[in-house]
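Numbering-wise, our numbering puts 100 at position 100 of the sequence shown, and it's gapless, one number per residue. Below is one structure, written out as structure tokens, with a few remarks after it.
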Amino acid sequence: MFQRWPKQDPNKHYYLVPNEVFNLGLSSHEIAVYNYLLRCEDRRTYQCHPSYRTIGRAVQLSENTVRKYVAGLEEKGLIHTEPSTITTKDGRVCNGSLIYTIRPIQEALKLNYQRQFLRAERDIERAKAEKRLAELNRQNKKEESA
């Protein structure tokens with residue numbers, strides 16, 4: 001019997017995006033670049049190596065813009081990059097594309113929570129300092145008027 005649609009391996013043609021990605025405060029462009037890297041990754045090694053140009057074509061961004069968002073993803077702990085080299089036919093060694101390693105989402109969440117906690121501590125310290133400064137200003141005004 002003729003089968004109209006061939007059966008497809010569901011894991012082969014799809015990739016999973018962790019829900020937590022949307023809790024990390026990423027821009028839409030960062031999410032697009034991250035998704036493209038997830039699409040390209042080797043699911044055994046968690047690595048891929050598309051060029052900035054390839055990523056840019058896929059997500060409709062310039063190479064420099066992709067570079068900026070890759071740096072943002074790396075800073076947020078979602079990916080790790082390392083340079084690669086290629087050897088040409090005539091024996092010269094040249095720079096290759098970056099090797100992207102997709103890091104576990106739990107590490108990025110932990111880093112995000114630590115940053116939020118530090119930001120909250122700084123805000124509390126700043127509020128205390130402002131309150132103390134206002135109190136000192138009030139005391140100085142009282143002394144000047146007396």
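All C-beta atoms in this analysis are idealised placements derived from N, C-alpha and C, irrespective of residue type, glycine included. In this text the structure is predicted, and so the values were computed from the model without any measurement.
Residues of the same chain with a CB within less than 7 Å of the CB of L78, apart from the 5 flanking positions on each side, are Y34, R103, A108 in chain order. N112 places its beta carbon less than 8 Å from that of K76.
Approximately 5 Å separates the beta-carbon atoms of A58 and Y36; this is inside 8 Å, confirming the contact. In the structure shown, the three-state DSSP call for Y14 is coil. E82 is not a Cβ neighbour of I105, given a cutoff of 8 Å.
As the crow flies, the alpha-carbon of G91 is around 12 Å from that of T85.
Under the three-state reduction of DSSP, H80 is assigned to strand. The stretch 39–77 contains, as complete alpha helix (DSSP H) runs of 4+ residues, the segments 52–59, 63–75 (chain order). Distances from the alpha-carbon of V21 to those of T45, K141, I31, H13 put I31 closest. Residue Y69 holds the alpha-carbon nearest to the alpha-carbon of S27 among Y69, E135, R53. The Cβ atoms of Y52 and V66 lie closer than 8 Å to each other.
Ranked by Cα distance from E74, the first of E125, L24, K131 is L24.
Setting aside the 5 residues that flank it on each side, R39 is surrounded in the same chain by Y15, each with a C-beta closer than 6 Å to its C-beta; the list follows chain order.
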